[in-house]
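**Q** Numbering (our numbering), first residue to last: 100 to 1217.
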Amino acid sequence: MPRHTLFFLSVILAANCVQSSKADEYLETIHPYMQQYCMECHAGREAKGELDLARFSADTDVIASFRRWKHIIEFIRAGEMPPEESKQPTITESNQVVAAIESILIEEAKKQSGDPGVIFPRRLSNSEYNRAIFDLTGVNIEPTKEFPADPAGGEGFDNTGEALRMSPNLLKKYLAAAQLVADHMVLKPNGVNFAPFPVRSYNERKKLTEQAVIDFYEGHAVEVDDYLEAAWRFRHRQDDGASIENFARERRLSPKYLSLIISYLSNPDGGTHWGRELGRLWDAIPAPANDTTRPDEFQRFAEFITLSQQLLGAPEPQLIKANAGNWPIAHLDFRDKVARSRDKFDASVFQQETLITSSPVPRPDPKTPATRSLYITFKPGFSDAPASGVIQGAVFSQSDRLPRNDEERTNQKVVSFQTFLRQSAPDLLAKLKFGIGVNGEVIDADAFSVTVPATIEIPLSPEQQNELQGRRLLLPCRLDSAGSPEGSVFVQTNWDAPPREDATTGITHLIAPQSETAKQLQVSVEKFCNTFPNRFFYVNDSRGLAAGFHLVEGFFRDDRPLVEKVLTDSELAELDQLWQELDFVTESTETMLRGFVWFERSEREVLHDERFDFLRSEDPKLVEEELLGKFERLYMDRLGIKRVGNTLEAENPDDKYLMVHQFFQNIRSGLVTQKQLLTRAEEVGLREVESLARRAWRRGLQQEEQASLEGLYHVLRSEGQNPEGALRGVLTAVLMSPHFCYYIPEVHDGTATYPLSDKDLASRLSLFLWSSLPDEDLLLAAQQKQLQSEQQLISQTRRMLKSPKVNAFAEEFLGQWLRYRDYLAKDPINADAFPGYDDALREALAAEPVRLVTYLVNHDLPITELLSSDVTFVNRRLAAHYGGEIQRQYDTQWAAFAGDRSQPDDVWFQVNGLRNEGRGGLLGMGIILTKNSAGERTSPVKRGFWAVHHLLGQHFPPPPANVPELPKSEKEATQTIRQLLALHVADSKCAMCHKHFDGLGLAMEGFDAIGRKRVTDSAGRPVDSTAELPGGGTAQGIPELIDYIQKQRQDEFVKTFCRKFLGYALGRSVILSDEPLLEEMETSLKENGYRFSAAFETVVRSPQFRQHRGRDFVVGGN
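1. Can you tell me where the alpha helix (DSSP H) holding Asn-289 begins and where it ends?
2. Could you tell me if Ile-205 is buried or exposed, where buried requires 16 or more neighbouring beta carbons within 10 angstroms of its beta carbon?
3. Starting from the N-terminal side, write out each stretch of the alpha helix (DSSP H) that is 4 residues or longer and does not extend beyond the segment 801-862.
4. May I ask which residues mark the beginning and end of the beta strand (DSSP E) holding Ile-490?
5. Give the straight-line distance between the Cα atoms of Leu-900 and Pro-427, rounded to the nearest whole angstrom.
6. Output the distance between the C-alpha atoms of Ile-1026 and Gln-1145, rounded to the nearest integer angstrom.
7. Do Glu-207 and Leu-1171 have their C-beta atoms closer together than 7 Å?
8. How about Gly-1098 and Ala-1072: do their beta carbons lie closer than 7 Å?
9. Please state whether DSSP places Gln-1206 in a helix, a strand or coil.
10. Considering only residues of the same chain and omitting the five flanking positions on each side of Glu-723, which have a CB-CB separation below 7 Å?
11. Hey, would you say Ala-617 sits closer than 7 Å to Phe-449, going by beta carbons?
12. According to the neighbour-count rule (16 or more other Cβ atoms, all chains shown, within 10 Å of its Cβ), is Ser-967 buried or exposed?
13. Going by CA-CA distance only, name the one from Thr-991, Arg-975, Asn-1015, Arg-1014 that's closest to Pro-1003.
14. Roughly how many angstroms separate the alpha carbons of Val-388 and Arg-599, rounded to a whole number?
15. Suppose only complete runs of 4+ residues qualify. What are the alpha helix (DSSP H) ranges in the segment 654-681, listed by chain order?
16. Under the assumption that Gln-591 contacts Thr-476 (Cβ atoms under 8 Å), give the Cβ distance between them as a whole number of angstroms.
17. Using alpha carbons as the reference points, say which of Gln-1053, His-649, Gly-1110, Thr-1182 lies closest to Val-696.
18. Starting from the C-beta of Asp-214, find all residues in its chain whose C-beta is less than 6 Å away, skip the five residues before and the five after it, and write them out in chain order.
19. Any contact between the segment 756-766 and the segment 777-786? By contact I mean 3 or more CB pairs, one from each, below 8 Å.
20. Mark Pro-660 as exposed unless 16 or more other C-beta atoms lie within 10 angstroms of its C-beta, in which case mark it buried.
21. Could you give the DSSP three-state label for Gly-252: helix, strand or coil?
22. Let me check one thing: in DSSP terms, what residues is Lys-1112 bridge-paired to?
23. Would Trp-381 and Leu-620 be called neighbours here (beta carbons separated by less than 7 Å)?
24. Are the beta-carbon atoms of His-319 and Leu-855 separated by less than 7 Å?
25. Would you decide whether Asp-718 is buried or exposed? Buried here means 16 or more other CB atoms lie within 10 Å of its CB.
26. Using the three-state DSSP reduction, which class does Lys-755 fall into: helix, strand or coil?
27. When the Cα atoms are used, what is the spatial distance from Ser-701 to Gly-694?
28. Does the distance from the CB of Gly-290 to the CB of Glu-787 come in under 7 Å?
29. For the structure I just gave you, are there three or more beta carbon pairs, one from the segment 252-267 and one from the segment 926-945, closer than 8 Å?
30. Can you tell me the Cα-Cα spacing of Leu-270 and Leu-834, whole angstroms?
31. Whether or not the segment 229-245 and the segment 268-287 are in contact is what I'm after, with contact meaning three or more pairs of Cβ atoms, one per stretch, closer than 8 Å; do they touch?
32. Report all residues from its chain with a CB closer than 8 Å to the CB of Leu-923; omit the five preceding and five following residues, and keep chain order.
33. Pick helix, strand or coil for Ser-156, following the three-state DSSP scheme.
34. When the Cα of Tyr-363 is compared with those of Thr-371, Leu-377, Arg-351, Phe-1156, which residue comes out closest?
35. How many angstroms separate the CA atom of Lys-209 from the CA atom of Leu-1184?
36. In its own chain, which residues sit with a C-beta less than 8 Å from the C-beta of Tyr-316, not counting the 5 before and 5 after it?
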């Protein structure tokens, strides 16, 4: 045979072979079937269910729309297509067409198996950006609040490159977000920190750092009664070897202060009546009967300590001055003296005479006017010596001080007490014996005397109350020094009843300062005052830590008793650091100096002298020594202080000079400290911003990048920015860099697939598991090129899955897949229809699934627990909402809770037995039931569709237009929702879809629109939660519905989970070449008890996750 004949024959044979192997299954098998049984309804512009089969003509069309053809397979297998009223194919025909479709898809999937697909460069999603900022700063800033919502793509998630694009308008929002984050940054002595709010002004700086000091004080507040109880229990301890330190720490008390109290109470001074009484009351306390209760004897002892503190401790003058004429320097000196005397005895507390002031006479009740009495009691005080007192010139007055002249008597509507008694209470007047002393001696006519103890009752009729309304009884009272030189008297006033015996407030103590009793008491009380200071620290209710002079910003530290008697060395170091941060961040020394200059010029007019014309509070050079020294010298001259020559020394260094010079010396010292701290903080801060850039960019900085950041810093400083402002500018640049805002994997040249770099793999893993940045461990592994090792990659995955940060996966993956993540933003409920449906409940409902899924992932439990879990987590608000056994379990755990109880809604407990409460898994969660309700009523359609479509993955065509609406609420309906649905699905066209999901929704009818258990609907009709299930059978309530899904449809759930999971992990749509991986995942789950780790590790090991396409990769070209 000629050679050319053989050549042509071989070509023909080869062509026939190719033609045979490439026979188009669509044209041979699928198209004829579709033409005969389907295209009557599904072709052309009016195609039902938006399925136009006429547009398919070859195998490649099936491959391109593989997902739709998989749905077609499901409908054919289920007998849903063609519908019953249409011409029906034989079983053989249907099996053949299903086999043909699957053959096309399987062949293509195997051919491209492992294809990583396209990894689009993409920006961070809003939630990823927020979490990244939180991880960088430690503060929940949520800078994307003003961003538009991210569009979903791929498998329905917002982490896909095809959806996350950037626009010019969005870029502006990114800049605003970066600047907002930078505004939260504060430069402190130890470097940069981030505040929970923007810090742009002095007041915001003050709020941040001052509150930190106040919070420390409040966290170390001393409740003296707790220490007294601990001392009492230690006295009666069973274990003689127990140390005071351990005893105190077990009770969260200061061992230092408890030791001081125990030492004092072990040897009280018995040399005075007061000391003997203290010792008697201490010894009278019986041994503890249990670990919780305090006996009455303890209460009496504690009240005696409190009373002694108030009457014998250092007096507390007014520390915040509103008067503009106050001299700031003198006030600072005054505050210093007060701060140093808090645990010192002050003899001024001993007074022989004083003015007793009652509360104002009240207005009589217009409905039930009645006589009311004012009681004045005189009781023995801290002495057992006889005592008597004299009241002279008592008056009723609208003022709280005695009138000094006739004009004040008129203006204050003064009424003599003696005159009042003469006119209105002659019997009491006679009893008081005005003008006669205790021993019958003659005293002033407007005075009367009392022998202690005594009680005076002054009755006021309604008419007298009206007459004296708003006036106080002023009682000038003195100890009768002649009749009771060693006496001690307690004087009190009270309305309607004598003051209580155990009262510790409103008591005035009279004692002669020069008496032997007072001298002995002083010696005894000095040790008491050292043990029980009048306060441990001072924070003003309205001015906080303010120094307290008018219109001048500044702070004053008044905490010596706390520092010396309570705090440990480490606690003191912490407090010192907080005060240093307060002074540094607010620039308190400079602020005080400038405020002082302004005040002395504007308020006191001390600087109204031409010698001070050079001095201005805003002058930048004011903080320099040359100007500051000149100011001090001239200020001394202005105050009349004689200096030695041109020095700062005084010829006669009196108290005024010492105050003034010390003030300026403190200013100098503060300015020097500020400058030294700023120099160090500037250097540390820049290094920390560079470190933050490394974390934000998810890799080490290149040398030129570091130089660029430092160069930007120095440019900003040269333009006049202070160190903090320049650092904020650098941080803004870091956050605007695409290295932070984007995930852009490196792409290799070539037509093959290539491994992702370690840094890209680290970013992909952290975005998958945490929706945020890699942590230090993962960054280090990437830097050391460990992540190319499958073993190391899986080790990192397992570590990360045990982190609390996996709550991001719970919120982002489950929340988007199952459509509850947007609940707070798109709550369907009309809150007005449900009293108690408030923000606290909504937030608890939203948090519950995140907590449960985090728990399941952390503990590597089966994914099927999403369906059937018998445990969940509740806080106080959610427990009350669920009620029943869930509420009881919560209450039991709360009663035993030993942690912080100040925010009960932040405390969550695990509860179990959900099935017994009619709940279980996600199906029984309040958020699922609520999100799939309809404003004011339940919606079995929405709930059922959610279960069948989203949870189980069953596909349905979109509903037809103009579907009639059910009533707005159950109260408006004349029938139950079940009955109304039955009427709706009587239409066979509606029934085609509704028969698949309405029954499942009706099984949830035992819970109302906001997820509360119920037996009747809102109209009072009984609720029936029986479900007729697809394929036959019934289920009663959610627990039986869960059983149905687990037994008959668990595979559907697993398949849906795997497809959604893979799409979320890869950040793209699932493609046909992923089918083998999906099958591998399903198999791995089944073989490993459906544990979450099987899904995570299967995906992380896959080439789809670990590789990328080369730049010249061609689909089908491998």
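Glycine residues also receive a C-beta, built at the ideal position from the N, C-alpha and C atoms.
**A** Let's see:
1. Reading the sequence shown from its first residue, position 190 is the one you call residue 289. Asn-289 -> no alpha helix (DSSP H), and no H or E assigned at all.
2. The residue given as residue 205 occupies position 106 in the sequence shown. Here Ile-205 is exposed. Its C-beta has fewer than 16 other C-beta atoms within 10 Å.
3. List check, alpha helix (DSSP H) in window: 802-817, 822-835, 837-840.
4. Position 391 of the sequence shown, counting from 1, holds the residue named residue 490. Looking at the DSSP string, the run of the beta strand (DSSP E) that includes Ile-490 is 487-491.
5. What you label residue 900 is simply residue 801 of the sequence shown in a count that begins at 1. What you label residue 427 is simply residue 328 of the sequence shown in a count that begins at 1. So the two alpha carbons sit approximately 59 Å from each other.
6. The residue given as residue 1026 occupies position 927 in the sequence shown. The residue given as residue 1145 occupies position 1046 in the sequence shown. Looking at the two C-alpha atoms, the distance is approximately 21 Å.
7. On the sequence shown, residue 207 is found 108 positions in, with the first residue counted as 1. On the sequence shown, residue 1171 is found 1072 positions in, with the first residue counted as 1. Yes, Cβ-Cβ distance for Glu-207 and Leu-1171 is below 7 Å.
8. Residue mapping note: residue 1098 aligns to position 999 of the sequence shown, counting from 1. Residue mapping note: residue 1072 aligns to position 973 of the sequence shown, counting from 1. In this structure, Ala-1072 does not lie closer than 7 Å to Gly-1098 by Cβ.
9. Against the sequence shown, residue 1206 aligns to sequence position 1107. If DSSP states are grouped into helix, strand and coil, Gln-1206 belongs with the strands.
10. Counted from its first residue, the sequence shown places residue 723 at position 624. Hits under 7 Å: none found.
11. To locate residue 617, count along the sequence shown from 1; it is residue 518. To locate residue 449, count along the sequence shown from 1; it is residue 350. Yes; because the gap between Cβ atoms is below 7 Å, this pair is in contact.
12. For the purposes of this step, residue 967 is identified with residue 868 of the sequence shown, where counting begins at 1. With 16 or more Cβ atoms within 10 Å of its Cβ, Ser-967 is classed as buried.
13. Translated into the one-based positions of the sequence shown, residue 1003 becomes position 904. Nearest neighbour of Pro-1003 by Cα position, chosen from Thr-991, Arg-975, Asn-1015, Arg-1014, turns out to be Arg-975.
14. Counted from its first residue, the sequence shown places residue 388 at position 289. Counted from its first residue, the sequence shown places residue 599 at position 500. As written in the sequence, residue 388 is Ala, which differs from the Val given in the question. In a straight line, the C-alpha of Ala-388 is about 27 Å away from that of Arg-599.
15. Counting only runs of 4 or more, we get 659-664.
16. In the sequence shown, counting from the first residue as 1, residue 591 sits at position 492. In the sequence shown, counting from the first residue as 1, residue 476 sits at position 377. About 5 Å; that satisfies the 8 Å criterion.
17. The residue given as residue 696 occupies position 597 in the sequence shown. Checking every option, the nearest Cα to that of Val-696 belongs to His-649.
18. If you number the sequence shown from 1, residue 214 lands on position 115. Within the same chain, Ser-1172 come within 6 Å of Asp-214 by CB-CB distance, once the 5 residues on both sides are set aside.
19. Not touching, per the Cβ criterion.
20. Within the sequence shown, the letter at position 561 stands for residue 660. In this structure Pro-660 is buried. Its beta-carbon is surrounded by 16 or more other beta-carbon atoms within 10 angstroms.
21. In the sequence shown, residue 252 corresponds to position 153, counting from 1. It is a strand residue.
22. As a first step, residue 1112 is located in the sequence shown; it is residue number 1013 there, counting from the start. BP columns for Lys-1112 point to Phe-1106.
23. As a first step, residue 381 is located in the sequence shown; it is residue number 282 there, counting from the start. As a first step, residue 620 is located in the sequence shown; it is residue number 521 there, counting from the start. Pairing Trp-381 with Leu-620 gives a Cβ-Cβ distance that is not under 7 Å.
24. Counting from 1 along the sequence shown, the entry for residue 319 is found at position 220. Counting from 1 along the sequence shown, the entry for residue 855 is found at position 756. Not in contact: His-319 and Leu-855 (Cβ atoms no closer than 7 Å).
25. The residue you call residue 718 lines up with position 619 of the sequence shown. Per the 10 Å Cβ criterion, exposed.
26. For the purposes of this step, residue 755 is identified with residue 656 of the sequence shown, where counting begins at 1. Three-state DSSP puts Lys-755 in a helix.
27. In the sequence shown, residue 701 corresponds to position 602, counting from 1. In the sequence shown, residue 694 corresponds to position 595, counting from 1. When rounded, the distance between both Cα atoms is 10 Å.
28. Stepping through the sequence shown from its first residue, residue 290 is reached at position 191. Stepping through the sequence shown from its first residue, residue 787 is reached at position 688. Contact flag set, yes.
29. Judged by pairs of C-beta atoms under 8 Å, the segment 252-267 does not touch the segment 926-945, as fewer than three such pairs exist.
30. In the sequence shown, the residue the question calls residue 270 occupies position 171. In the sequence shown, the residue the question calls residue 834 occupies position 735. Those two C-alpha atoms are separated by around 12 Å.
31. A contact exists between the segment 268-287 and the segment 229-245.
32. Position 824 of the sequence shown, counted from the first residue, corresponds to residue 923. Only Arg-941, Glu-942, Ala-945 meet the Cβ criterion.
33. The count along the sequence shown starts at 1 and reaches residue 156 at position 57. Residue state, collapsed to three classes: coil.
34. Start at 1 with the first residue of the sequence shown, and residue 363 comes out as number 264. Tyr-363 has its Cα closest to that of Leu-377, out of Thr-371, Leu-377, Arg-351, Phe-1156.
35. Within the sequence shown, residue 209 is the residue found at index 110, counting from 1. Within the sequence shown, residue 1184 is the residue found at index 1085, counting from 1. Our two residues, Lys-209 and Leu-1184, have alpha carbons roughly 21 Å apart in a direct line.
36. The residue you call residue 316 lines up with position 217 of the sequence shown. Here the set comprises Phe-636, Val-638, Asp-658, Leu-661.
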